[in-house]
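Report on the following structure.
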């Protein structure tokens, strides 16, 4: 394997089960609560939003869940995805570290999001649902769900955060090409959107607001359901195909990761890569450091409060125990639209509280600097979101240069930036600024947690 760049699996190596980390944790995560009774929610509470199959996956205690054959057939369009050794980046950094990245930009929409969009659309179609509503930030999730809905003949309606709707017009075109209807959020089509616009006519939006609009629309239509691209257990479950493949690929490379790094917004990309490796760590077979990286402008893990909070701005969802900046938090319109969420996956938040992973926050100029370095060496322009992980990889590789340690670093390059080039233009032309979250803004937002 000396000098090898790509570690490829055959279609026959495609995982046939998703991995559920919950049974392997020292203690189970706290359940979602009904906001009225503060009692754990039951299947009936979730039925207006999700099909029964996904509700069952959300609460399952099974360690593995079989992937339906119909989903595997669609996965084969791009899975298994490649694992790369970033040899040219290593050379640029003059580091003894070995850097690997699992590349999810080979999917039809250029990101990891179809890993869950496809099964979500499949299960909804199987139960007779005809329309899915959702939110999206940068548009990666909206594009993935639009693709999945086209695959299974479902209507798709997307509320895209206004900042990203304006910054990334080609994402809207991609979603519409797959047949979706796209609205900027906040919109005047929902009560939640109209309330925000009445108070803030120039609102740049947030994922929390867009979720409120999509949930409101789904709850009011018996033929519709809501689909979420991150945060919830079943979403992270579907993404574990990433980590399961990576474990097999490291066997090909005859190597073992010492540090695993991933960007975190809601947590699906990070959890998908990390959970299978965490299983191996908890079993005592490996011992990597696991590091979540988030934007300094939206630091839910590093500066948020671990508390029960709404997953949306209008308070339509169950209460989730998670690291949160407050459901009324409106982040600055940074270019990593997929990381601009006020909360963190409850499952990842629980694992963080257990001390099984660490978290850091990074400013966006450092992220784009790492993204440019990566593009000029590895030839892939990374989406704004994974530049956060790349910035942390660069930090770790340069530490290894100082110490002489030959650490093995793994990250998930969760998507490319072919439709995010205005963000790189802002960086390259000196227009990009760093947005640190002011303490008084944070305290005001945290005060709204119920």
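In the UniProt record's numbering, the protein residues as written are 1 to 450.
We treat Cβ as the ideally placed atom computed from N, Cα and C, and that holds for glycine.
If you're wondering where the values come from, they're calculated on a predicted model, not measured in any experiment.
Asked                                                                                                                                                                          : Found
What span of residues does the alpha helix (DSSP H) with residue 310 cover, start to end?                                                                                      : Looking at the DSSP string, residue 310 is not in any alpha helix (DSSP H); the run it does join, the beta strand (DSSP E), is 305-310.
Could you compute how far the alpha carbon of residue 129 sits from the alpha carbon of residue 328?                                                                           : 31 Å
Residue 173 bridges to which residues according to DSSP?                                                                                                                       : Partner(s): none; residue 173 has no beta bridge.
Here's a check: name, in chain order, each residue in its chain whose Cβ is nearer than 7 Å to the Cβ of residue 95, leaving out the five neighbours to either side.           : 397, 398, 400 and 401
How many Å lie between residue 217 and residue 133 at the Cα?                                                                                                                  : 7 Å
Here's a check: name, in chain order, each residue in its chain whose Cβ is nearer than 8 Å to the Cβ of residue 127, leaving out the five neighbours to either side.          : 51, 52 and 53
Sort out for me which residues DSSP pairs residue 90 with in a bridge.                                                                                                         : Answer is none; residue 90 lacks a bridge partner.
Look up residue 52 in the DSSP assignment and say whether it is helix, strand or coil.                                                                                         : helix
Within the same chain, show all residues whose beta-carbon is closer than 6 Å to that of residue 15, passing over the 5 residues directly before and after it, in chain order. : 241 and 244
Alpha carbon to alpha carbon, how far is residue 269 from residue 263?                                                                                                         : 7 Å
Leaving out five residues before and five after residue 181 in sequence, what residues of the same chain have Cβ atoms less than 6 Å from its Cβ?                              : 157
Would residue 345 pass as a contact of residue 322 if the rule is Cβ separation under 9 Å?                                                                                     : yes
Short of 7 Å in beta carbon distance, which residues of its chain neighbour residue 122, apart from the five on each side in sequence? Order them along the chain.             : 68, 70, 71 and 152
According to the Cβ coordinates, are residue 419 and residue 139 closer than 9 Å?                                                                                              : yes
With a CB to CB cut of under 6 Å and the five nearest residues on each side skipped, what residues in its chain are close to residue 304?                                      : 323, 324 and 325
Can you pull the DSSP bridge partners for residue 324?                                                                                                                         : 305 and 343
Under 6 Å Cβ to Cβ from residue 118, same chain only, skipping five residues before and after it: list those, please.                                                          : 71, 74 and 148
My parser needs the beta strand (DSSP E) runs of 3 or more residues fully inside the region 246-319; what are they?                                                            : 259-263, 289-295 and 305-310
Looking at the structure shown, is residue 157 part of a helix, part of a strand, or coil, going by DSSP?                                                                      : strand
Who does residue 7 pair with in a DSSP beta bridge?                                                                                                                            : 83
How would you call residue 46, buried or exposed, if buried means at least 16 neighbouring beta carbons within 10 angstroms?                                                   : buried
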